[in-house]
Each structure stands twice: as C-alpha cells, then as structure tokens.
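Step one of this worksheet: look at the structure below.
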Amino acid sequence: MTTTPPDPAGPDPVPAADPGPAPNAGARPGAGPAPGADAHPGARARPGSAPGPVRVRPCREADLEPLERYLPSPGRTRRHAARFERQERGLAAFLTAWADDVPVGTAQILWQGCAAPEVRARFPGCPELNGLSVWPPELRSRGIGSALIAAAEERVRAAGHPLIGLGVDDGNHRAAALYARIGYRETGCRYVDRYAYLDDESVRHEVADPARFLVKELPKGPSAA
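Quick note: the sequence shown uses our numbering, first residue 4, plus one each step.
The structure is reproduced here in structure tokens:
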C-alpha cells in the first residue's frame, strides 16, 4: 500500500459488474487519476506545499466530508463512502493519511483479496492492497504513499496473513520498480482489472486495464518493526 513512491491518485470507482459498493471496488495502486478526479471545489485548497508529519489511521465516519473535499471522488462516484461502508461490513480496512489535520492520502486492504477469479485461484486468502492514492500530485514523493503501504502491511501481518498482494498496470513502470524495491515480487499472474465510474452527468464509464498481480511475504513475529 522505502524510497519515495509514485503515490498515484487514482479513484475508487464503481465496479463494472456492480453499480454499488463491492469488496473489490477500486483501481490498483499504480492507476492514474480518472476523469473528474480533481473537479470538486476545494480539491486543492490545502495548507502549504510542505505537509507536516503524516499520521495514518482507519477512516472514521466524520472523515468522509473532508475526504470528499480534499481528495474528491470522480464525478458522482462516492469513493470514500463506499470504502467506509466496506470497512463497516468487515470486508476492508480503509486507511487514511493526514498532515496538518488535512487528508492527503488513502488506501484500503481488501480482506477477501483481488476480485479477479484468476488471481483468487492462485492466491486464495491473500489480502489485496488496493486504491493507493495521494492527492494533490505535488504531495507525491514525500513518503505519504510509503506510510500508507507500511501501515497496510503491518495490519495484514498482525491479522495473521503471511502474504499481501497488489495489482499494477502494465504501463506503470515507475510503480512496478518501486514495489520491487520494497519487496514485492512478480508472480506471472496476469488479469484484466475492470472498473467503472459515474461522471458529473451520471454517465457510466467502464474501464478495463491489463494488470499483473505482485505479492510480498510478510515477516513473522509480534511486530514487523
């Protein structure tokens, strides 16, 4: 979810097969921003270009309004509310990163794993780090993505899982290089990541991105630190 990561700001769109929240709604870490991703008023209204210390914690219901203000969902897709509902149902952990009391990034752990059946067949029970996002772009490469990834890995490890996985688009070479540096390995498992989002006119757009699934073995013991 290290050297400074690309911290992509991709949305958590509506899954193509289901117009509502689902266990694996969202772009992979490494997806680019979707149309309308910064159309929300106030999306760039954040203090200073140099954020203070970053804190990562699970999302609370009261966080949904500032999340939409500073990290707006694309069009009429309500990414953060869908993720929070998923967390409340025990299907995910919705992590948020904050600097100077302003949200600067998000990620989620999908406990049931990647939605693609070919991935689940090869890696049953492997949680997926999904939807890694840092926004606005000028805050990338400042360690925010690294903090989210580390927090996600620790939660997965603490839950007793020996492995964590994530998907990366074929064309995102920078993200793939980062994940390799921090311990994620290629598996040869390829799939098509399908998702959809609603634009400002409520028109549904479906996307299909060729991707591959990477995994990382997590350390055993009471603490990964």
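Here a beta-carbon is modelled for each residue, glycine too, at the ideal position from N, C-alpha and C. On a predicted model such as this, the values are computed, not experimentally measured, just so you know.
Quick check: the Cα distance between Ala183 and Leu135, rounded to an integer number of angstroms?
16 Å
Between which two residues does the alpha helix (DSSP H) carrying Ser149 extend?
Ile147 to Ala161
Are three or more beta carbon pairs between the segment 111-125 and the segment 167-185 nearer than 8 Å?
yes
Nearest by alpha-carbon distance to Gly78: which of Gly128, Gly163, Asp203 and Ala96 is it?
Asp203
Start and end residues, beta strand (DSSP E) containing Glu131
Glu131 to Val137
Candidates Ala211, Asp196, Ser144 and Ala154, of which the one nearest Ala178 by Cα
Ser144
Test item: CB-CB of Ala100 and Ile152 under 8 Å:
no
So who's on the other strand from Tyr182, going by DSSP bridges?
Tyr182 is not bridged to any residue.
Applying the 10 Å Cβ sphere with the 16-neighbour rule, what's the burial state of Arg86?
buried
Gly33 (DSSP reduced to helix, strand or coil):
Model confidence at Gly33 stands at a pLDDT of 36, short of 50, so the residue's coordinates are unreliable and nothing is read from them.
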